[in-house]
Amino acid sequence: DAEITQSPRHKITETGRQVTLACHQTWNHNNMFWYRQDLGHGLRLIHYSYGVHDTNKGEVSDGYSVSRSNTEDLPLTLESAASSQTSVYFCASSDRTGGVYEQYFGPGTRLTVT
Amino acid sequence: QKEVEQNSGPLSVPEGAIASLNCTYSDRGSQSFFWYRQYSGKSPELIMFIYSNGDKEDGRFTAQLNKASQYVSLLIRDSQPSDSATYLCAAESGAGSYQLTFGKGTKLSVIP
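Listed in order, the protein sequences are those of chains A and B. Under my numbering, think of the first position of the first sequence as -17, with each following residue one higher. Under my numbering, think of the first position of the second sequence as 130, with each following residue one higher.
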């Protein structure tokens, strides 16, 4: 079955370290998204991509970067991890189904920055 | 700024009752709306979407859309304890956009 996976599922890192979170989908979807979810803030969009070599900033992109070298993967990099980036990170992908673009989420990565 | 507003709850209903979850949105250009269910510690799961005014039914779930009032709702009939979760409302971020703007979610508790 087609799916979307994220790795690692849990990560503890130190302030200042570079961290990369992986996202892989086998639906062949063009659109991919990264969100963070924090208590009191809900889901907030970090970066998104509409196809290979396309990347765009979302609402809370400072300190994060993405690259899209193929359809299946959109890795999220924290250039220099900060305690404010402790959060749960979700990757999602979408394509047109029944007239709308339904987004499907990966299982999430819980990141703790100490 | 495009916003989607939901009552954070918690909303408590007895088992077998109808749960009513509500959502308002600020962007009149939004055409499509989505309801997600999120169990504690899990990722959001798409329940259903709606893009036409009126009602859309899928099993025990009914989504309702009123574009004039910028209002979306989700009714859950015959609520079960397994329906206890946080429900997220999302709006397409402008007509034809692939992005979604999410509300902060309403926590539903179904009491046996």
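Glycine included, every Cβ here is placed at the ideal spot set by N, Cα and C.
Taking the continuous beta strand (DSSP E) assigned at GLN228/B, which residues delimit it?
-> Unbroken run through GLN228/B: none, as it is neither H nor E.
Under a Cβ-count criterion, where at least 16 other Cβ atoms within 10 Å of its own Cβ denotes burial, should VAL34/A be classed as buried or exposed?
-> exposed
Smallest Cα separation from TRP9/A: which of ASP36/A, THR(-3)/A, GLN0/A, ASN52/A?
-> Nearest Cα to TRP9/A within the set ASP36/A, THR(-3)/A, GLN0/A, ASN52/A: ASN52/A.
Within the 7 angstroms Cβ cut-off, does LEU204/B reach chain A?
-> no
Would ILE(-6)/A pass as a contact of GLN7/A if the rule is Cβ separation under 7 angstroms?
-> no
Take GLU61/A as the anchor and find which of VAL1/A, THR94/A, SER(-11)/A has the nearest alpha-carbon.
-> VAL1/A
Cross-chain neighbours of VAL82/A in chain B, by beta carbon under 7 angstroms | SER161, PHE178, TYR180
Same chain, Cβ closer than 6 angstroms to LYS185/B, neighbours up to 5 away in sequence not counted = ILE179, ALA192
Residue from SER75/A, TYR86/A, TYR71/A, PHE87/A whose Cα sits closest to the Cα of GLY94/A | Per the sequence presented here, residue 94/A reads as Thr, with Gly not at that position. Minimum Cα distance to THR94/A is reached at TYR71/A.
Determine the chain A residues that contact TYR227/B at a beta-carbon separation under 7 angstroms, and present them in chain order.
-> Neighbours of TYR227/B on chain A, chain order: ASN13, TYR32, SER76, TYR83.
Use the C-beta contact count for GLU132/B: other C-beta atoms within 10 angstroms, 16 or more gives buried, fewer gives exposed.
-> exposed
Sort out for me which residues DSSP pairs PRO84/B with in a bridge.
-> The structure shown does not extend to residue 84/B, since chain B is modelled only from 130 to 241, so the question has no answer here.
SER65/A (DSSP reduced to helix, strand or coil) = Helix, per DSSP.
Whether TYR165/B touches ALA220/B by CB criterion (7 angstroms) = The criterion of a C-beta distance shorter than 7 angstroms is not satisfied by TYR165/B and ALA220/B.
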